[in-house]
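Visitor: A single structure is presented below for examination.
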């Protein structure tokens with residue numbers, strides 16, 4: 033799963049990491 037987030041928005045990155053843990057899947061974090 034690719035998680036795209038604004039590189040100035042750490043909250044969105046943190047949310048992605050938490051969601052990744054919840055669903056127990058590996059996410060690829062892509063900043064734009």
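Numbering (this note's numbering), first residue to last: 33 to 64.
For each residue, glycine too, the CB sits at the ideal point set by N, CA and C.
Bear in mind the structure is a predicted one, so any value in this text is a computation, not a measurement.
Could you give the C-beta distance for residue 64 and residue 38, rounded to a whole number, given that I count them as a contact under 8 angstroms?
Guide: 6 angstroms
Visitor: Could you name the residues that DSSP lists as bridge partners for residue 60?
Guide: 34
Visitor: Assuming residue 54 contacts residue 33 (C-beta within less than 8 angstroms), just tell me the rounded distance between them.
Guide: Rounded, the Cβ-Cβ distance is 12 angstroms, inconsistent with contact.
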